[in-house]
Amino acid sequence: MNPAYLAAVEQAFLAHTGRGLMLSPRDVALVERWARVGAPVQVVVDGIAQVFSRPGTQRTRVRSLVFAQVGVEAALRAWQSRSAGQAADTGLDRGPKGISLLVSRVRGAAGRHEAPMGERLLRVADRIAALSQASAVLRDDLDDDLTRLEGEILDELWASLPNATQRALVDGVEGELRPERPKMAESEYTVVRAARLRRLTRDHLGLPVFELGEEVAS
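The opening residue of the sequence shown carries number 1 in our numbering; numbering runs sequentially from there.
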């Protein structure tokens, strides 16, 4: 992903939040996904603007770019439809719809690993399930909790991998970023590197993205 693409999306998002935030590794991964499917940066920026122009949005506490995901992907579908003359698939995986499906997918991943990793992943599924125990949980709070939990878990799982696997994942990330490194500020490089290392760890273990889709289990 071109660093200028990430910078433009980050600037557009933070301009609307009105606070000095930074994109989280999960947010960076979302931007990478949009870039990977060919979403023009202006379409993404316009989608973010459309979300924040909705009535009542100014009173909403926004802490993640995930807040604008549905709007951005709707803008992308509209752009693809105009470009192709017909509706098109964005190619984006909306992910598990609800805690129960997310837990099921993590348990499925656990079943593909022998001990001790399989046991670790079963405990991950239990930690995700525990997030839904509060009866009055809010969607935005649950998204934020999943974001934090995903980062913690992927860091823990990476630390538990064999040294050779860790080195291979780090080499893969640094190889991906090497052409872009001279153009990136140190703070940006640190965030992007962490996001990509977590992504490769997730892919290596066959885990799903920790997101809810459209439904929240009650």
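Every residue, glycine too, gets a C-beta built ideally from N, C-alpha and C.
Burial state of residue i (16 or more Cβ within 10 Å)
i	result
A185	exposed
N2	exposed
V70	exposed
R198	buried
A115	exposed
F13	buried
S83	exposed
A68	buried
R167	exposed
R127	exposed
Residue i vs residue j beta-carbon contact at 8 angstroms
i	j	result
L149	L161	no
V41	A8	yes
P205	L157	Reading the sequence as shown, one finds Leu at residue 205 and not Pro. Their beta carbons are under 8 angstroms apart, which means L205 touches L157 by this criterion.
S24	T147	yes
L228	V173	The first residue shown for the chain is 1 and the last is 218, placing residue 228 beyond what the model contains.
V72	I48	yes
V28	A164	no
R26	S64	yes
T17	V62	yes
Residues near residue i by beta carbon distance below 6 angstroms, same chain, minus five either side
i	result
L6	V31
G108	none
W34	V44
A39	L76
I153	V124
Cβ-based neighbour list, residue i, same chain, cut-off 8 angstroms, excluding 5 preceding and 5 following
i	result
D46	A75
R193	V173, E174, L177
L169	W158, L161, L197, L200, T201, H204
R181	Y189
Helix, strand or coil at residue i [DSSP, three-state]
i	result
F210	coil
R61	coil
A115	coil
A29	helix
L161	coil
P3	helix
A39	coil
S24	coil
T90	In this prediction, T90 has a pLDDT of 49, which is less than 50 and means its spatial position is unreliable; what the coordinates show is noted afterwards. Reduced to three states, the DSSP call for T90 is coil.
S53	coil
R178	coil
L131	coil
Beta-carbon proximity list for residue i, same chain, < 7 angstroms, skipping 5 on both sides
i	result
L122	R107, A110
V43	A75, L76, W79
R112	G206
R120	L157, S160
Proximity test, Cβ basis, 8 angstroms: residue i and chain B
i	result
A78	Structure shown: chain B not included; a single protein chain is present.
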